[in-house]
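Right, one structure below, let's go through it.
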Amino acid sequence: MSLTVGLHHFLVLSAILFSLGLYAVVTKRNAVTVLMGVELILNAANLNFIAFGRFLDTDLDGQIFSVFVIVTAAAAAAVALAIVLNLYERIKTVNLDEADSLAG
Amino acid sequence: MINNALFILLLPLAAFVVQIFIGKRLPRKGDWLPTSAMIAAFLLAVPIFVEALSTYEPGYVIARETWNWLDFGSVQISFGIMIDNLTAIMLVVVTLVSSLVHLYSIGYMQDDPKYNRYFAYLSLFSFSMLGLILVDNFFGIYVFWELVGLSSYLLIGFWFEKKSAANASKKAFITNRVGDVGMFAGIMIIFSTIGSFTFESVFVGVANGQLAGTMLTVTGILIFLGAVGKSAQFPLHVWLPDAMEGPTPVSALIHAATMVAAGVYMVGRVFLLFTPDALLIIAYIGTITAFMAATIAIVQKDIKRVLAFSTISQLGYMMVGIGTGGYTAGLMHLTTHAMFKALLFLGSGSVIHALHTQDMTEMGGLRKKAPITFYTFLIGTLALSGVPPFSGFWSKDAILASALEFGMLHSAHIGIFVIMALSAGITAFYMFRVIYMTFTGEPRDKGKYDRAHESPLIMTIPLAILALIAANPVWGWFKGLIVKPELSDYGAGVAQISHLGGHDVAHTAHTGAMITSILVAGSGILLAATVYYWKKISAESWAKRLKPIYNLLWNKYYVDEFYRATFINGTLFKARLLAAFDGKVIDAVVNGAARLTVFVARVKGTFDLKIVDGMVNGVANLVGLVSVRLRVVQTGKIQNYILMALAAIILIFVIQQF
């Protein structure tokens, strides 16, 4: 039996990657770690784009889109890190549990 | 002549205006100003009178001038002055008596604190009275009529600190108003039917039948009602005795000589309006008045009140004269009476000035102390009693003759003559009672008698002048000047009214009336002398013997009491009823409405508070309540939100599977 890598494998991998990212975003206390989780989620999405582009499409729309996402993610990371730095300036911590001034 | 008339009218007015505003600051408190204005008016009136006398023609109009006064589109009201013989005589009478009263007042009112105002009022009165006799229309006569009433009110209440004087002035004013309402209604009827106020056009209208029949009778009676009030005829005579609260010169001028005669003058002036029925009513009113007042005068103790009732009685005579067709006689009596009654009042003023009392039971023997007063008063009394040859004899005799003639023509009404003759006797009796009680016999109050003195010259000279006129027998000229007017002079005669005794009746019955007149006057004087001079008959015992009659007279036939019981108490009762209605019903309704409003407001308030606010608050509370529960979700921790979003998405996925 030959193992053919198909769309499902990519999708499962992407789902695992997404879940890991989500897990990091939801559970981690450190803002930087959360950002890292966000990157994982984005990359899971990229993987999906590429997989769908490879298996279901004829042109390169998916692959091109993932390139955009990578660029955007870089920009987002830059902005997010700047926010984290500001957060640290304000409350002297990057622990997200402490940043609850929006609590109702 | 018209300029004379204008000056006669305006001089007193100007004097009034100056005197009322700056009189107090003028030298002598300005008494000379109204006095000289009045004397000037008299001097201006004399030429008018002389012209009337020299022309000596009944219908002669000396001067006449009309000005357009009010202009309401098609309705024009003119204001005019007309001087005929009657006006000329009245002008002289009023200005002369007024001048003399002014002079007399300088002495009589000497120390009064309101001296200046007194003279201002006198001027106002003179102006009003002169206006009343000068105007040529009903509108003007009504205006001046009321002005005369006003000045009378001011002068009766001149000593308003005295409650009785204040009340008397109110009584006079209100009683006069009753009559004036009638007069006003009459004038309105005339204007609405004939469309003019001028005497002449009204007479023309009546002659042409524009106003006739019962309506004309009613109009005449309404107009006469004004005279009933002003001339103190029964049943509106009650104010005149009380009016004696005013200063005595005022009583002489207003309440004896001029104003009260205004009613008679007016009746004479509008004579052509009166139908035979109206004239009969005038005659009977006059008869009742003359008799009632004469009998009341017998028992009065106050010298001025005797004269007041005598005035009422004599005004009754004038009305009888005019009512029975003796037009000339009535107006002649008006003229003679003005003179001798002014004289008597001024004389009584002199007596009061001397003794400081008005009560005749405190007088007596004054003849020696005040001879001028006595002799002039005696002349006035003789004139009033109708003793020949004094002036009053001629006029009263003419009235009696007219009444007798009327009775002879219409035998049903002979009673008028009988009662009038009887009243003439009573007149002589009560006037000589005054003479005997005041001037003869022993003084009853020694202290007052010893301090008594003759009045100063300024008071006795007017007395002397008036006495000279009152003693004057030459009133013959009057008959040629004042002749009863005929309606046929004014119109074609669609509705000619045959006045009772269409010709001047005073001649045929003259002898009979003259004999009667002298007889009753003589017996009246004789009886007075027997009772009060020779004291052969005791007045007191007779008063006791005739107690009911004495009480009836002493209480003035209970007319005042009757008015008190009916009109005054009736009005008070009505007022109380209305007050109760106001208090119980109207106030209750108003208060009820208020309470209802308050109740409704409370309900609304509650509704607002509970329901409207409740809804608003309820919503807010609900939101708050829900929020308290929901805020827990808002932890402010971003990871929780994400978790929840995740859970929701999972939930959606799960739901989608089914």
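First to last, the protein sequences are chains A and B. For the first sequence, my numbering assigns the number 3 to the initial residue and increments by one for each residue that follows. For the second sequence, my numbering assigns the number 61 to the initial residue and increments by one for each residue that follows. Positions of the beta carbon are idealized from the N, C-alpha and C atoms, including for glycine.
Tell whether a beta-carbon distance below 8 Å holds between residue i and residue j.
i                  : j                  : result
Val-110 of chain B : Ala-317 of chain B : no
Gly-265 of chain B : Ile-247 of chain B : no
Val-27 of chain A  : Ile-702 of chain B : yes
Leu-71 of chain B  : Ala-100 of chain B : yes
Tyr-610 of chain B : Val-359 of chain B : yes
Tyr-37 of chain B  : Lys-89 of chain B  : As shown, chain B starts at 61 and ends at 718. That puts residue 37 of chain B outside it, with no answer to give.
Lys-539 of chain B : Leu-415 of chain B : no
Ile-166 of chain B : Asp-91 of chain B  : yes
Leu-375 of chain B : Ala-292 of chain B : yes
Leu-407 of chain B : Pro-309 of chain B : In the sequence as displayed, the identity of residue 407 of chain B is Gly instead of Leu. No, the pair does not count as a contact, with Cβ atoms beyond the cut-off.
Val-288 of chain B : Leu-394 of chain B : no
Leu-404 of chain B : Thr-441 of chain B : yes
Val-320 of chain B : Thr-371 of chain B : yes
Leu-215 of chain B : Ser-188 of chain B : no
Thr-279 of chain B : Leu-271 of chain B : yes
Ile-467 of chain B : Ile-474 of chain B : Per the sequence presented here, residue 467 of chain B reads as Gly, with Ile not at that position. In this structure, Ile-474 of chain B lies closer than 8 Å to Gly-467 of chain B by Cβ.
Ser-483 of chain B : Ala-350 of chain B : yes
Have a look at residue i and residue j and give me their C-alpha separation to the nearest angstrom.
i                  : j                  : result
Val-77 of chain B  : Ser-186 of chain B : 13 Å
Tyr-90 of chain A  : Phe-57 of chain A  : 45 Å
Phe-67 of chain A  : Ala-75 of chain A  : 12 Å
Gly-561 of chain B : Leu-444 of chain B : Reliability of the predicted coordinates at Gly-561 of chain B is poor, the pLDDT of 46 falling under 50, and the value obtained from them is presented with this limitation in mind. Gly-561 of chain B and Leu-444 of chain B: Cα-Cα distance of roughly 27 Å.
Val-153 of chain B : Leu-638 of chain B : 49 Å
Asn-32 of chain A  : Phe-51 of chain A  : 29 Å
Val-543 of chain B : Tyr-387 of chain B : 7 Å
Met-38 of chain A  : Leu-98 of chain A  : 14 Å
Met-243 of chain B : Asn-651 of chain B : 44 Å
Ser-159 of chain B : Leu-184 of chain B : 13 Å
Ile-646 of chain B : Val-660 of chain B : 21 Å
Gln-79 of chain B  : Leu-73 of chain B  : 10 Å
Phe-20 of chain A  : Phe-70 of chain A  : 18 Å
Met-304 of chain B : Lys-401 of chain B : 14 Å
Leu-332 of chain B : Trp-614 of chain B : 39 Å
Ala-472 of chain B : Ile-314 of chain B : 36 Å
Asn-88 of chain A  : Lys-94 of chain A  : 9 Å
Compare the C-beta of residue i against all C-beta atoms of chain A and say whether one is closer than 8 Å.
i                  : result
Gly-684 of chain B : no
Gln-694 of chain B : yes
Gln-699 of chain B : yes
Leu-711 of chain B : no
Leu-706 of chain B : yes
Leu-669 of chain B : no
Leu-703 of chain B : yes
Taking its Cβ as the centre, do 16 or more other Cβ atoms sit within 10 Å of residue i, making it buried, or is it exposed?
i                  : result
Leu-5 of chain A   : exposed
Met-675 of chain B : exposed
Trp-127 of chain B : exposed
Ala-80 of chain A  : exposed
Arg-365 of chain B : buried
Arg-493 of chain B : buried
Arg-605 of chain B : exposed
Glu-621 of chain B : exposed
Ala-640 of chain B : exposed
Trp-205 of chain B : buried
Ala-481 of chain B : buried
Asp-302 of chain B : buried
Arg-329 of chain B : buried
Glu-465 of chain B : buried
Val-730 of chain B : The requested residue 730 of chain B does not occur in the structure, where chain B is confined to residues 61 to 718.
His-413 of chain B : buried
Report the option in the options whose CA atom is closest to the CA atom of residue i.
i                  : options                                    : result
Leu-49 of chain A  : A:Ala-79, A:Leu-22, A:Phe-12               : A:Phe-12
Pro-431 of chain B : B:Phe-400, B:Asp-419, B:Pro-516            : B:Pro-516
Ile-62 of chain B  : B:Val-688, B:Glu-117, B:Ile-141, B:Gly-385 : B:Ile-141
Glu-600 of chain B : B:Met-378, B:Met-304, B:Thr-421, B:Gly-280 : B:Thr-421
Arg-504 of chain B : B:Asp-419, B:Leu-460, B:Val-478            : B:Asp-419
Tyr-490 of chain B : B:Ile-476, B:Leu-438, B:Ala-512            : B:Leu-438
Ile-97 of chain B  : B:Ser-114, B:Val-161, B:Trp-129, B:Lys-84  : The question names Ile, yet the displayed sequence has Ala at residue 97 of chain B. Nearest option by C-alpha distance: B:Val-161.
Ala-354 of chain B : B:Met-704, B:Ile-82, B:Tyr-617, B:Ile-122  : B:Tyr-617
Ala-232 of chain B : B:Ser-583, B:Ser-311, B:Lys-607            : B:Ser-311
Taking only beta-carbon positions, decide if residue i is within less than 8 Å of chain B.
i                  : result
Asp-61 of chain A  : no
Ser-16 of chain A  : no
Ser-103 of chain A : yes
Val-28 of chain A  : yes
Leu-83 of chain A  : no
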